[in-house]
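Working notes, structure below.
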Amino acid sequence: MKEKNHTRPPLESLACVNLDCDLYGQKGGSNLIIRKVYGRDNIRYLRCRCCQQEFSERKNTALWNSKVPEDKAVSVAEHLAEGCGIKSTARLVKVDPSTVRRLNRKVGRHGQQYHEQEVQNVAVSELQADERHGFAGNKQQPAWEAELIDPASKFILAHVQGARDESLIRRLLQDGASRVRHPQEVALFTDGLAAYRTLFPEIFGYAYYPPRQGTRGPYPKARFRIPRTAAHVQIIKHQSGYRLKEIEIRYAHGSKKRIEQALDRLGYNVPNTSAIERRNGTARLMSAAQVRKTLAFAKKGEANVYDNLKVHR
Ligand SMILES: [Zn+2]
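Reminder that position 15 of the sequence shown reads as 35 in this note's numbering, one-by-one numbering, no gaps.
Here it is, written out as structure tokens:
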């Protein structure tokens, strides 16, 4: 069976992949020429006239070194992104489950690297955080995902996985803060988990060192000051059984005024974590391993989350 010819992106939209080349990563030049066309997808093998390096046009893409026809690989990724499981994807696209697993890992890793590269210096002033519960290995082993979302644009800034403890929250907040242009100007909305409250000053505040008392002994540890532009509010839901009894708003750090300013900007009346909770619902639909009230669980602890992040679209 002859595969259909793919419309290849114009050469101007590609760039040299040689890190040592003067034109590395620069699109729109005329340095790339086609050496040959190979494979059933008519992939172009390119040469850079600047550094003489030769490479496949698929280098540094999610499909590099993939033996699966392009339409099938793309279709696998699309099925996974819409929430199909590994086996159902394999049946629908008519490929082996091991192919789906391999592409899932590959596309996920590529998405992660893309996120790493693009999501830097982001100008956000409000963030919502939450943790999502699931299972990995079998239905008895809990696994958690924690995420930071910009409630204004619904963009997912950070995503971490692991046990639900302080180190999970630390990794989440540190990763998020490192991607924000001004972490000291963030209003953070979270649930009642104590780790958020204890870690907020360290990650979103300024460090200062109090002077040593006298001339002996260890230097005092760093302390943290919360600037006027940062604040943290916790939304704690008290339940009796399955019924929601009361919502407690706890202003953990910073001023109430800063939180009110954030609410104004977002068009909210009261502090809430609605954006991240909406995201939780969507994410559960998009990951077959996380659908609620089913026997669903991830066979391995590596659900491909970057597949359904906005950045990937
Ligand atoms: Zn080059």
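Glycine is no exception: its CB is placed at the ideal position from the N, C-alpha and C atoms.
May I ask you to report which of helix, strand or coil DSSP gives residue i?
i      : result
His130 : helix
Ala250 : coil
Glu102 : coil
Thr109 : helix
Ser118 : helix
Ala143 : coil
Asp40  : coil
Gln233 : coil
Gln148 : strand
Ala376 : Examination of residue 376 is not possible in this model, given that the chain is present from 21 through 333 alone.
Ala172 : coil
Ala82  : coil
Ala318 : strand
Ala227 : strand
Val331 : Here the model assigns Val331 a pLDDT of 37, short of 50, so the residue's position is not dependable, and the following value carries that caveat. Helix.
Leu31  : helix
Pro203 : helix
Gln310 : helix
Val88  : coil
Gln46  : coil
Met21  : Bear in mind that the predicted position of Met21 carries a pLDDT of just 44, short of 50, making it unreliable; the figure below should be weighed with that in mind. In the structure shown, Met21 sits in coil (DSSP, three-state: anything other than H, G, I, E or B).
Tyr326 : With a pLDDT of only 47 at Tyr326, under 50, the local geometry of the prediction cannot be trusted, and no value is derived from it.
Need the endpoints of the alpha helix (DSSP H) that residue i sits in, please.
i      : result
Tyr216 : 214-224
Ala295 : 294-306
Gly348 : Because the chain in this structure spans residues 21 to 333, residue 348 falls outside the shown range and cannot be described.
Ala197 : 186-199
Within the same chain, show all residues whose beta-carbon is closer than 8 Å to that of residue i, passing over the 5 residues directly before and after it, in chain order.
i      : result
Tyr216 : Ala149, Ile189, Leu193, Leu208, Thr210, His252, Gln254, Ala272
Asp40  : Cys71
Val113 : Lys92, Ser95, Val96, His99, Val120
Leu43  : Ala35, Cys36, Gly49, Asn51, Cys68, Cys70, Cys71
Roughly how far, in whole angstroms, is the beta-carbon of residue i from the beta-carbon of residue j, given that I think they are within contact range, below 8 Å?
i      : j      : result
Arg278 : Thr249 : 7 Å
Gly225 : Arg199 : The Cβ separation is near 18 Å, so there is no contact.
Cys68  : Asn80  : No, Cys68 and Asn80 are not in contact; Cβ-Cβ is about 13 Å, not under 8 Å.
Trp84  : Ser76  : 7 Å
Ala303 : Phe155 : Actually they do not touch by this definition, with Cβ atoms about 15 Å apart.
Asn292 : Arg201 : Not a contact, Cβ separation roughly 25 Å.
Pro89  : Asp61  : 6 Å
Val180 : Ala163 : Val180 to Ala163, Cβ: 12 Å. No contact.
Arg152 : Asn289 : Contact flag wrong, Cβ pair sits at about 26 Å.
Leu66  : Arg78  : Actually they do not touch by this definition, with Cβ atoms about 10 Å apart.
Give me, in chain order, the residues of the same chain whose beta-carbon lies closer than 6 Å to that of residue i; leave out the 5 immediate sequence neighbours on both sides.
i      : result
Gln46  : Ala35
Ala197 : Pro203, Ile223
Gly261 : none
Glu186 : Ala215
Val331 : Since pLDDT at Val331 reaches only 37, below the 50 mark, its modelled position is unreliable, and no value is offered.
Ala178 : Leu168, Leu192, Asp195, Gly196
Gln73  : Asn38
Gly212 : Gln254, Ile256
Ile267 : Lys257
Start and end of the beta strand (DSSP E) containing residue i?
i      : result
Gly182 : 175-182
Leu66  : 63-68
Tyr239 : Neither: Tyr239 is in no beta strand (DSSP E) and is coded neither H nor E.
Lys56  : 52-58
Thr210 : 207-210
Asn75  : First, the amino acid is wrong: residue 75 is Phe here, not Asn. Per DSSP, Phe75 belongs to the beta strand (DSSP E) from 74-76.
So, for residue i: in the same chain, excluding its five sequence neighbours on each side, which residues have a beta-carbon less than 7 Å away from its beta-carbon?
i      : result
Lys126 : Ala82
Gly274 : Ile246, Ala250, Ala251, His252
Ala308 : Gly103, Cys104, Gly105, Ala316
Pro171 : Glu146, Gln148, Leu286, Ala295
Arg232 : Tyr239, Pro240
Lys276 : none
Lys107 : Pro117
Pro29  : none
Would residue i pass as an interface residue toward chain C - the criterion being a Cβ-Cβ separation below 8 Å?
i      : result
Ser108 : Chain labels in this structure do not include chain C; a single protein chain is all it has.
Give a single yes or no on whether residue i has its beta carbon closer than 7 Å to a heavy atom of ligand 3.
i     : result
Gln73 : Ligand 3 is not part of this structure, which contains only ligand 1.
*Give, in chain order, every unbroken run of the beta strand (DSSP E) that is at least 3 residues long and sits entirely within the stretch 254-298.*
263-273
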